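Structure first, commentary second.
Residue numbers (this note's numbering): 9 to 329.
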């Protein structure tokens, strides 16, 4: 029997969809190994978070409530998770493949002397797993050798878990601090009334074709607001300084799979496609009829975006009345 521990990301008392996805993936893995799925909530004053986590379908929720892990610094969190895994008898730890998960998982693997696999999209009955390579153009079936394993799962590859309430247990584990720990100074968060990019059912992304950052505000933002969509961007737009990098969709950005994805002025480089090609419906607007984005689009419009997007926005607003 092999228990599976899941790291629960949370912020401001909220559990993101990524955590529910990680639980869903871990349950599949635990079924193969015949063990339990245990969700670990680390932080300060995490009672409400643990109560919400108990409704995600794990067999048990454990908490470490201490100010030392309040800011989820990667080095302290990794070492503390190692102690938690040992306490609950878990040889495998699962993360969502988010920026936070990617920061902590390798450190934990090193601390546990464990094998690691990232961005896993599927678990096979024989214990092997599938993960994308070469920007998602090929998929590899991999096997982790050894009893201890650390795995991050792609958040678009599994459904979000839910289930009956699970018991919550507070662990008397002191956070483990390395000899030269990182020090929390401050955090600057981008606040927006729009949906969170990785959780939105609709996403409108802009590329270099928008020409400057002002056009993201004057051309793209009204369409986002009319659709109730999150705003995204290609790496080219981010590198050009049009928008901040927390909007980047792609291999080195965020991976999304909304019901509707609209790509505006995006050529469709493989790096970008890796982050959005699993979207249910893809719409492309580009004046270049040969742009690669049209090869993956369900609907394509060859047109000048500066004329097409405002017209589309007006039609969406008219339908909403």
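Don't be surprised by glycine CBs; every beta carbon is placed ideally from N, CA and C. Since this is a predicted model, take the numbers as computed values, not measurements.
Applying the 10 Å Cβ sphere with the 16-neighbour rule, what's the burial state of residue i?
i, result
"residue 22", "exposed"
"residue 191", "exposed"
"residue 302", "buried"
"residue 20", "exposed"
"residue 262", "buried"
"residue 187", "exposed"
"residue 32", "buried"
"residue 47", "buried"
"residue 72", "buried"
"residue 194", "exposed"
"residue 288", "exposed"
Measure how close the beta-carbons of residue i and residue j come, nearest whole angstrom, since I'm counting them as under 8 Å.
i, j, result
"residue 102", "residue 12", "6 Å"
"residue 291", "residue 306", "7 Å"
"residue 70", "residue 54", "About 11 Å separates the two Cβ atoms, so there is no contact after all."
"residue 231", "residue 320", "6 Å"
"residue 237", "residue 255", "So it is not a contact: roughly 12 Å between Cβ atoms."
"residue 304", "residue 285", "6 Å"
Return the chain-ordered list of same chain residues with a C-beta closer than 6 Å to the C-beta of residue i, the five sequence neighbours on each side being excluded.
i, result
"residue 131", "36, 37 and 137"
"residue 278", "143"
"residue 27", "16 and 17"
"residue 78", "51 and 52"
In chain order, what residues of the same chain lie with their CB nearer than 7 Å to the CB of residue i, ignoring the 5 residues before and after it?
i, result
"residue 220", "250"
"residue 207", "24 and 25"
Using the three-state DSSP reduction, which class does residue i fall into: helix, strand or coil?
i, result
"residue 260", "coil"
"residue 301", "helix"
"residue 18", "coil"
"residue 224", "helix"
"residue 40", "helix"
"residue 156", "coil"
"residue 132", "coil"
"residue 274", "coil"
Please go through the same chain and pick out, in chain order, the residues whose beta-carbon is closer than 8 Å to the beta-carbon of residue i, but skip the five residues on each side of it.
i, result
"residue 229", "239"
Would you check if there are 3 or more beta carbon pairs closer than 8 Å linking the region 101–116 to the region 224–236? no
The region 171–181 touching the region 152–163, judged by at least three CB pairs closer than 8 Å: With a cut-off of 8 Å, the region 152–163 and the region 171–181 do not count as touching, because too few Cβ pairs lie within range.
Is it true that the region 120–130 meets the region 203–217, where meeting means three or more beta-carbon pairs spaced less than 8 Å apart? no
Does the region 57–67 come close enough to the region 81–100 that 3 or more CB-CB pairs lie under 8 Å? no
Indicate whether the contact test is met: 3 or more Cβ pairs, each with one atom in the region 84–94 and one in the region 141–155, closer than 8 Å. no
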